[in-house]
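Encoded as structure tokens, the structure appears first; notes follow it.
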Amino acid sequence: MLSARIRIAARLLAVAALAALTAGCFQPMYAEHTDGTPGLREKLMGVELPPIDKPNASREARVGVEVRNALAFKLYGSATGMPPTHRLVIRFTSSKSSLILDPATGLPNTENYGIDCQYNLVDVATGKSVMTGTTFSRVSYDLPGSYQRFARNRALRDAEDRAANEIAENINTRLAAFFTAGT
19 MLSARIRIAA
29 RLLAVAALAA
39 LTAGCFQPMY
49 AEHTDGTPGL
59 REKLMGVELP
69 PIDKPNASRE
79 ARVGVEVRNA
89 LAFKLYGSAT
99 GMPPTHRLVI
109 RFTSSKSSLI
119 LDPATGLPNT
129 ENYGIDCQYN
139 LVDVATGKSV
149 MTGTTFSRVS
159 YDLPGSYQRF
169 ARNRALRDAE
179 DRAANEIAEN
189 INTRLAAFFT
199 AGT
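The numbering used here puts the first residue of the sequence shown at 19, with every later residue one more than the last.
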């Protein structure tokens, strides 16, 4: 009985010793640096977001503005950041596909809206690309009956907004990883 307690105590002591050894290795991602180097928040605020190139007054132009605004809020916490150190160029295509058709009317009941996005982070000082990536989003939405045109349009718009927010979240996560790890 006594030897079992000693073994348990020895194991707990070994786990505590290992935890103490690794305690200094971890640093919160968004923590401010005490050595004077810019933290992640300051680095993200230095990313410039130019408007996404889409035809004016098109549905994709509205989605592009939604992606840009959602990303600006995630990066800056507001509409503008600090003086730019990097520029993020975003290109995307969108798609829509019917998933389920109503057998009586032949109209879709459920559709899928998708965005495929490519982005390129460019260092402003050198003009060189420092990171490129791709991401995508697929969201489904239900369509009400054929006589409810406003509800059908609103369902599509809500799906576009959800997909845009997902794209912005994916890009923000990748930028945070890049500025933290440098790769």
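The C-beta atom is built at its ideal place from N, Cα and C for all residues, glycine as well.
Source: prediction; values computed, not measured.
- The C-beta of Leu-31 has fewer than 16 other C-beta atoms within 10 Å across all chains shown, which makes the residue exposed.
- Contact annotation: Leu-62 and Arg-105 have beta-carbon atoms that are not nearer than 9 Å.
- Scanning Gly-151, Ala-122 and Leu-119 for the CA closest to the CA of Asp-134 turns up Gly-151.
- Phe-168 sits exposed, since fewer than 16 C-beta atoms from the chains shown fall within 10 Å of its C-beta.
- Ser-116 counts as exposed, since fewer than 16 other beta carbons sit within 10 angstroms of its beta carbon.
- Distance from the CA atom of Ser-96 to the CA atom of Arg-86, rounded to whole angstroms, is 12 Å.
- Between Ala-182 and Val-81, the beta carbon gap of about 6 Å places them in contact (Cβ cut-off 8 Å).
- Per DSSP, reduced to three states, the secondary structure at Met-149 is strand.
- Note on geometry: alpha-carbon atoms of Thr-191 and Ala-27 lie some 41 Å from one another.
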